[in-house]
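Trainee: Once you've had a glance at the structure underneath, I'll fire off some questions.
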């Protein structure tokens, strides 16, 4: 094996890998690594993280099928993620999907059947229960097409990488929320709507779906709100309609990513508390044409940690105002409920900003 003393750690990784996996496939993998100039592109630690640790021999075999240009693209994407100030999820799983699909065919021309084949045979088969295999295919395809349209400067590979990761995140959120998989797992036969917008000007679209006023009106059981964030980029927020029509917003908060908060000294504060998601006004607003999501940026702000301690009194104020509106407007439409939430959010933000020395618990407004 060629050895460059200036990067001995990298070549030691290659040697250790081959000693543990001496085979023709391993030899091809190492040859591909060298032809792609990885010793001069990444560190030994990055090589372990992105190519070896936790990755299967199937993954490394697929790497051997990629051109040096595709491998460099894979490296660029992972360097971007490594430099991200956010807690990124499902990186390894998304890397596996990217390599599997890129080594299989041109992403633009793949059929749903081919996508499903790769998911089940080359990567990710165990990541999500098989009831959701069709949803994985449909969501990856829809997300990919969306990204190709709205981010024309992104390469096919980057669009696919991001589309795959969003799919994994969203469906794992579904599984985490649904008490029994069967309650939502006729997703295969249900409508999946992609809500594209900036949180204020959303429109509904998905394949041949007929536009309607609010995804809740058509009985959809799963929706995605794709929200643009400050400074570029986007965050995909899942919405699930479960038993009795109750809408939930995923098992984990995405607000910190939505408001692009990187300052560790601050909390991402939900103006309308997440704990109140069951309230009728919030539920109605979520079913409106603009599809309120409790984790979108318009419902959040950065707050100093010392101000954002436990705040039941703040929550009580918000709930009191929600109840007042409900009682005074028993026939309020979904859109009217959405508009009321915007006004309430503005009122609460003003109170927070105008009283910078008070904890949220001590606010009165």
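In our numbering, the protein residues as written are 87 to 451. C-beta: ideal position from N, C-alpha, C; glycine also.
#1: How is the beta strand (DSSP E) around residue 390 delimited, first residue to last?
#2: Identify whether residue 97 lies in helix, strand or coil by the three-state DSSP scheme.
#3: Using 8 Å as the threshold, is the C-beta distance between residue 323 and residue 381 below it?
#4: Taking buried to mean at least 16 other C-beta atoms within 10 Å of its own C-beta, is residue 273 buried or exposed?
#5: Helix or strand or just coil, what does DSSP make of residue 333?
#6: From the DSSP output, read off the bridge partner residues of residue 354.
#7: Secondary structure at residue 326, three-state DSSP: helix, strand or coil?
#8: I believe residue 335 touches residue 379 by the beta-carbon criterion, under 8 Å. Please report the beta-carbon distance rounded to the nearest angstrom.
#9: Where does residue 417 land, buried or exposed, given buried means 16+ other C-beta within 10 angstroms?
#10: Quick check on the burial criterion: 16 or more other C-beta atoms within 10 angstroms. Buried or exposed for residue 180?
#11: Find the nearest neighbour of residue 167 within the set 247, 185 and 235, judged by alpha-carbon distance.
#12: What residues in its chain sit with their C-beta under 8 Å from that of residue 428, if we drop five residues either side in the sequence?
#13: Would you report the Cα separation of residue 104 and residue 447, rounded to the nearest angstrom?
#14: Excluding the five sequence neighbours on either side, which residues of its own chain have a C-beta within less than 6 Å of the C-beta of residue 450, listed in chain order?
#15: What span of residues does the alpha helix (DSSP H) with residue 183 cover, start to end?
#16: Going by the DSSP bridge assignment, what does residue 147 pair with across the sheet?
#17: Between which two residues does the alpha helix (DSSP H) holding residue 445 run?
#18: Assess, as a yes-or-no matter, whether the stretch 150–158 is touched by the stretch 130–140 under the definition of 3 or more beta carbon pairs within less than 8 Å.
#19: My output table needs one value for residue 435: the three-state DSSP class, helix, strand or coil.
#20: If you run the structure through DSSP and keep just helix, strand and coil, what is residue 347?
#21: Quick one: Cα of residue 367 to Cα of residue 410, how far?
#22: With DSSP collapsed to three states, give me the class of residue 247.
#23: Roughly how many angstroms separate the alpha carbons of residue 126 and residue 237, rounded to a whole number?
Mentor: On the basis of the coordinates in this document:
#1: Position 304 of the chain shown, counted from the start, is the residue given in the question as residue 390. Start and end: 386–390.
#2: Within the chain shown, residue 97 is the residue found at index 11, counting from 1. Correct three-state label for residue 97: helix.
#3: Translated into the one-based positions of the chain shown, residue 323 becomes position 237. Translated into the one-based positions of the chain shown, residue 381 becomes position 295. Yes.
#4: The count along the chain shown starts at 1 and reaches residue 273 at position 187. Bear in mind that a pLDDT of 35 at residue 273, under 50, signals an unreliable position, so the number given afterwards is only what the model happens to contain. By the 10 Å Cβ count, residue 273 comes out buried.
#5: Counting from 1 along the chain shown, the entry for residue 333 is found at position 247. Strand.
#6: Within the chain shown, numbered from 1, the residue matching residue 354 stands at position 268. DSSP, once it has assigned bridges, lists 388 as partnering residue 354.
#7: One-based indexing of the chain shown puts residue 326 at position 240. Note: residue 326 maps to strand in three-state DSSP.
#8: Looking up residue 335 in the chain shown gives position 249. Looking up residue 379 in the chain shown gives position 293. Contact flag correct, Cβ pair sits at about 6 Å.
#9: Taking the first residue of the chain shown as position 1, residue 417 is located at position 331. Exposed, since its Cβ has fewer than 16 Cβ neighbours within 10 Å.
#10: If you number the chain shown from 1, residue 180 lands on position 94. Burial call: buried.
#11: Taking the first residue of the chain shown as 1, we reach residue 167 at position 81. Among 247, 185 and 235, the Cα nearest to that of residue 167 is on 247.
#12: As a working mapping, residue 428 is identified with position 342 in the chain shown. Answer for residue 428: 384, listed in chain order.
#13: As a position in the chain shown, residue 104 is number 18, starting the count at 1. As a position in the chain shown, residue 447 is number 361, starting the count at 1. About 60 Å.
#14: Within the chain shown, numbered from 1, the residue matching residue 450 stands at position 364. Nothing listed; no residue qualifies.
#15: Walking along the chain shown from the start, residue 183 turns up at place 97. Start and end: 177–190.
#16: Position 61 of the chain shown, counted from the start, is the residue given in the question as residue 147. Beta-bridge pairing links residue 147 to no other residue.
#17: Taking the chain shown and counting its residues from 1, the one referred to as residue 445 is at position 359. Run containing residue 445: none; DSSP gives neither H nor E here.
#18: no
#19: In the chain shown, the residue the question calls residue 435 occupies position 349. Helix at residue 435.
#20: As a first step, residue 347 must be located in the chain shown, where it is residue number 261. Residue 347: coil per DSSP, three-state reduction.
#21: On the chain shown, position 281 is the one that residue 367 refers to. On the chain shown, position 324 is the one that residue 410 refers to. C-alpha separation (whole angstroms): 10 Å.
#22: Indexing the chain shown from 1 puts residue 247 at position 161. Three-state result, residue 247: helix.
#23: Residue 126 sits at position 40 when you count from the first residue of the chain shown. Residue 237 sits at position 151 when you count from the first residue of the chain shown. One C-alpha to the other measures close to 30 Å.
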